[in-house]
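**Q** Here the sequence shown stands for residues 4 to 119, numbered as in the working numbering. Yeah, the Cβ is synthetic: ideal placement off N, Cα and C, and Gly gets one too. This is the structure, below, for whatever I ask next.
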Amino acid sequence: MKKFAFVSAAAEREYKELPKDVQDDFGKDLRRIQYGQDPVRPFKSLTESVGAGAIELIINGSPAFRCVYVAKFADMVVVLYSFVKTTNRSDRHAMQVAQERMKELKHELRKMGYRI
């Protein structure tokens, strides 16, 4: 089983600010991912906009919710960013935040001796 972490205190706070039922739904999928299974909810790769291994879990509706994570490094599932989606288009701000946090994660893992 992979370990689970948030990339930062801000990432954890954002996740915990989501409605409880949304946290539960994302949490179930994140647990499946820890065990090497595919998520039940829709998902898509964000390799081009965030970085290699970044995946977005999707809950559509009004409002819609997203949870961006990476499970590629250090045998861990790491949540980068969770947010309420406010546009039908790509959310540039959200992708920028996730991209910056991916850089932070890689930097920290390199400092710990991981080759990325």
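Starting from the Cα of residue 16, find the closest Cα among 54, 83, 57 and 92 and give me that residue.
**A** The residue given as residue 16 occupies position 13 in the sequence shown. When only C-alpha atoms are compared, the closest one is 83.
**Q** Going by Cα to Cα distance, which pick from 112, 27, 92 and 14 is closest to residue 42?
**A** For the purposes of this step, residue 42 is taken as residue 39 along the sequence shown, with counting starting at 1. Of the candidates 112, 27, 92 and 14, the one whose C-alpha sits nearest the C-alpha of residue 42 is 27.
**Q** Alpha carbon to alpha carbon, how far is residue 38 from residue 105? Give it in angstroms, no decimals.
**A** Looking up residue 105 in the sequence shown gives position 102. Looking up residue 38 in the sequence shown gives position 35. The alpha-carbon atoms of residue 105 and residue 38 are separated by roughly 22 Å.
**Q** Skipping 5 residues on each side, what residues in its chain have a beta carbon closer than 7 Å to that of residue 100?
**A** Locating residue 100 in the sequence shown gives position 97, counting from the first residue. Result list for residue 100: 84, in chain order.
**Q** Taking residue 75 as the reference, which of 30, 109, 25 and 29 has the closest Cα?
**A** Numbered from 1 along the sequence shown, position 72 holds the residue referred to as residue 75. Nearest C-alpha to residue 75: 109.
**Q** Flag this pair as yes or no: are the beta carbons of residue 120 and residue 112 separated by less than 8 Å?
**A** No information on residue 120 is available, as it lies outside the stretch 4 to 119 that the chain covers here.
**Q** Under a Cβ-count criterion, where at least 16 other Cβ atoms within 10 Å of its own Cβ denotes burial, should residue 24 be classed as buried or exposed?
**A** Within the sequence shown, the letter at position 21 stands for residue 24. Exposed: under 16 other Cβ atoms inside 10 Å.
**Q** May I have the straight-line CA-CA distance separating residue 94 from residue 35, to the nearest angstrom?
**A** Residue numbering aside, residue 94 sits at position 91 when the sequence shown is read from its first letter. Residue numbering aside, residue 35 sits at position 32 when the sequence shown is read from its first letter. Counting only the Cα atoms, residue 35 lies some 26 Å from residue 94.
**Q** For residue 79 and residue 59, I'd like the C-alpha separation in whole angstroms.
**A** Position 76 of the sequence shown, counting from 1, holds the residue named residue 79. Position 56 of the sequence shown, counting from 1, holds the residue named residue 59. Rounded to whole angstroms, residue 79 to residue 59 spans 16 Å at the Cα level.
**Q** Kindly indicate which residue of 97, 116 and 4 has the alpha-carbon position closest to the one of residue 52.
**A** Reading the sequence shown from its first residue, position 49 is the one you call residue 52. Taking only the C-alpha atoms, the option nearest residue 52 is 97.
**Q** With burial defined as no fewer than 16 other Cβ atoms inside 10 Å of the residue's Cβ, what is the status of residue 13: buried or exposed?
**A** The sequence position of residue 13 within the sequence shown is 10, counting from 1. By the neighbour-count rule (16 or more Cβ atoms within 10 Å), residue 13 is not buried but exposed.
**Q** Check whether chain D comes within 8 Å of residue 57, counting only Cβ atoms and requiring the distance to be less than that.
**A** Going by chain labels, chain D is absent from the structure shown, which holds only one protein chain.
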